[in-house]
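What follows is one structure encoded as structure tokens, with my remarks underneath.
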Amino acid sequence: MRATVCLPTYNELENLEPMIRALTGVLREGDRVLVIDDASPDGTGELADRLAAELPFVGVLHRAEKEGLGPAYIAGFRRALADGAELVLEMDCDFSHDPADVPRLIEACAAGADLALGSRYVAGGGTANWGAARRFVSAGGSFYARTLLGVPIRDLTGGFKCFRREVLEQIDLDSIRSKGYAFQIELTYRAIRSGFRVVEVPILFSDRTEGQSKMSRGIFLEAVLRVPALRLEALRHRL
Ligand SMILES: Nc1nc2c(ncn2[C@@H]2O[C@H](COP(=O)(O)OP(=O)(O)O)[C@@H](O)[C@H]2O)c(=O)[nH]1
Ligand SMILES: [Mg+2]
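Okay, so the sequence shown: first residue is 1 according to the working numbering, each after it adds one.
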């Protein structure tokens, strides 16, 4: 199954080239990388174009402005599907997600999963160098979402995933408004509600060492509010 790794970037100048080089070592014949850059002021988009000119398996989608992770991924998914990808991956470009784990996500889908989630909160998974407070907030967020939505997924906010193309074809991507962590929760929830088989694959998540996080209070609040809204929407559908 041919896979496309979608790599959203905003000011990842230090990380992009090492990431593409690392992916070169793990991807198979026919797999692709799609960089989705929202006009990064630091020149990440131009670097992506140079890498794409050198490496035939790399493509670049340039977007006019920074709109958040959700819209960037949706644009990337559409491009990957149009290009014929059978598997579509999501991955951060800051090395929080280990490129060496990509084959394990692909294998989970090859073994029958419709959506494989890189998971910090199943046996064998975890976070490197996180203090107790941060672990509590992140695990608490997944607990909150899992409980309100009534789904058995331990890590709902992670952004390291592998979808079979059928999942993205089935979900109405136009209707997704979430931009930050809520986007991750919403996609997984919709996949489960559509009857797809979702599995969690343990991963070790590390903090970025280069560049800056784009996490904000707004992204956090969006997730807190979107979760009950998603549940209400699902209940209304059932009536
Ligand atoms: N294209 C695009 N990429 C983004 C945007 N916001 C974040 N990213 C990228 O998404 C990935 C995860 O973002 P990051 O800031 O590390 O989020 P965090 O891991 O939650 O702190 C990184 O590769 C970012 O460059 C955005 O608005 N547009
Ligand atoms: Mg990050």
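For every residue, glycine included, the Cβ atom is placed at its ideal position computed from N, Cα and C.
Extent of the continuous alpha helix (DSSP H) run through residue i
| i | result |
| --- | --- |
| residue 25 | 13-26 |
| residue 167 | 165-170 |
| residue 106 | 102-110 |
| residue 228 | 217-238 |
| residue 188 | 181-193 |
| residue 77 | 69-82 |
beta-carbon residue i near ligand 1 non-hydrogen atom, thresh 7 Å
| i | result |
| --- | --- |
| residue 41 | no |
| residue 9 | yes |
| residue 208 | yes |
Helix, strand or coil at residue i according to DSSP, with G and I counted as helix
| i | result |
| --- | --- |
| residue 149 | helix |
| residue 49 | helix |
| residue 205 | strand |
| residue 116 | strand |
| residue 123 | coil |
Residues that residue i bridges to, as DSSP identifies them
| i | result |
| --- | --- |
| residue 59 | 34 |
| residue 200 | 117 |
| residue 161 | 90 and 117 |
Any non-hydrogen atom of ligand 2 closer than 7 Å to residue i Cβ
| i | result |
| --- | --- |
| residue 92 | yes |
| residue 96 | yes |
| residue 120 | no |
| residue 135 | no |
| residue 216 | no |
Sequence-distant residues of its chain with Cβ nearer than 8 Å to residue i (five each side left out)
| i | result |
| --- | --- |
| residue 194 | 167, 170 and 171 |
Extent of the continuous beta strand (DSSP E) to which residue i belongs
| i | result |
| --- | --- |
| residue 258 | Not covered by the structure: residue 258. The range shown for the chain is 1 to 239. |
| residue 89 | 87-90 |
| residue 7 | 3-9 |
Cβ-heavy atom distance, residue i to ligand 3, below 7 Å
| i | result |
| --- | --- |
| residue 139 | Among the ligands in the structure shown, ligand 3 does not appear; only ligand 1 and ligand 2 can be found there. |
Close beta carbons around residue i, own chain, < 7 Å, minus the five adjacent residues each side
| i | result |
| --- | --- |
| residue 142 | 121, 154, 155, 156 and 157 |
| residue 26 | 99, 100, 102 and 103 |
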